[in-house]
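To start, the structure itself, in structure tokens.
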Amino acid sequence: MLGSQHSPPDGAMPRIARMLSVLVAVAFLAACASGGPPKRIWPPQASVQELAVQEDGTWRIGVRLQNYSNVAMTFDQATLDLAIAGQPAGQLALTPRLRIGPGSTEIVTLRLPPDFDAAGRVADALQTRSGLRYRLQGQIVTSDPTGRHATEFESVLTPVPGLPGVLR
Numbered sequence: 104m105l106g107s108q109h110s111p112p113d114g115a116m117p118r119i120a121r122m123l124s125v126l127v128a129v130a131f132l133a134a135c136a137s138g139g140p141p142k143r144i145w146p147p148q149a150s151v152q153e154l155a156v157q158e159d160g161t162w163r164i165g166v167r168l169q170n171y172s173n174v175a176m177t178f179d180q181a182t183l184d185l186a187i188a189g190q191p192a193g194q195l196a197l198t199p200r201l202r203i204g205p206g207s208t209e210i211v212t213l214r215l216p217p218d219f220d221a222a223g224r225v226a227d228a229l230q231t232r233s234g235l236r237y238r239l240q241g242q243i244v245t246s247d248p249t250g251r252h253a254t255e256f257e258s259v260l261t262p263v264p265g266l267p268g269v270l271r
């Protein structure tokens with residue numbers, strides 16, 4: 104039978120098309136299920152959110168802990184040296200054991216009896232209503248993911264209108 108055409112039995116073509124579409128869908132889902140976006144771990148950072156002079160002369164300091172990673176991070180410990188206008192002001196020792204979400208920030212508050220010279224510079228800035236440079240330098244320890252991260256941050260604190268004794 105030269106020249107005769109042989110066609111598949113009725114219903115075989117739709118079955119093959121369905122089978123191919125199922126295989127393509129399964130392959131597509133398998134490619135998508137590769138674990139999601141990659142985990143990006145960036146060093147966390149600490150900065151001063153607020154410095155408030157208390158009646159007894161101590162400072163109440165709000166330390167801003169920032170997670171720049173795209174995964175949550177547990178902040179276990181931070182040891183930070185604070186300098187005000189180039190003068191050592193004291194060491195901030197934090198043990199927040201705080202889980203901070205991806206790209207998020209939390210504020211941890213502590214009290215610090217400041218160095219005499221640094222306290223004088225803060226008092227001058229509050230009286231003259233002028234800005235005051237500060238620097239934090241030290242280490243942040245995290246778990247989940249585990250890491251020891253060196254950190255350094257410099258900025259300016261300025262008196263807050265209407266809030267006596269407060270710099271932000």
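Counting in this note's numbering, the sequence shown runs from 104 upward without gaps. Even glycine gets a Cβ: it sits at the ideal position worked out from N, Cα and C. Quick caveat, the model's predicted, so the values are computed rather than measured.
Any heavy atom of the ligand FMN inside 8 Å of the beta-carbon of P146? You won't find the ligand FMN in this model; it holds no ligand whatsoever.
Return the chain-ordered ranges of every beta strand (DSSP E) run that is complete within the region 214–270 and spans a minimum of 3 residues. 235–246, 250–260
Please say whether E158 and V269 have beta carbons closer to each other than 9 Å? Numbered from its first residue, the sequence shown carries residue 269 at position 166. Numbered from its first residue, the sequence shown carries residue 158 at position 55. Cβ atoms of V269 and E158: not closer than 9 Å.
Any chance you could list the beta strand (DSSP E) runs of at least 3 consecutive residues sitting entirely within the region 145–208, in chain order? 148–156, 162–169, 176–187, 190–197, 201–203
Let me check understanding here. Comparing Cα to Cα, which of G165, A175, G241, G189 lies closest to I301? Nothing about residue 301 can be read from this structure; the chain reaches only from 104 to 271.
Using 8 Å for Cβ pairs, my map puts A196 next to T212. What's the rounded Cβ distance? The residue given as residue 196 occupies position 93 in the sequence shown. The residue given as residue 212 occupies position 109 in the sequence shown. Actually they do not touch by this definition, with Cβ atoms about 13 Å apart.
Tell me which residues share the same chain as D179 and place their Cβ nearer than 8 Å to its Cβ, disregarding the 5 neighbours each side in the sequence. Here residue 179 refers to the residue found at position 76 of the sequence shown. Once the five neighbours on either side are set aside, the close Cβ partners of D179 are T198, P199, R200, V244, T245, S246.
Spatial neighbours of R232 within its chain, please: CB distance less than 7 Å, with the 5 preceding and 5 following residues excluded, ordered by chain position. Locating residue 232 in the sequence shown gives position 129, counting from the first residue. Closer than 7 Å at the Cβ level, and outside the excluded window around R232, lie P262.
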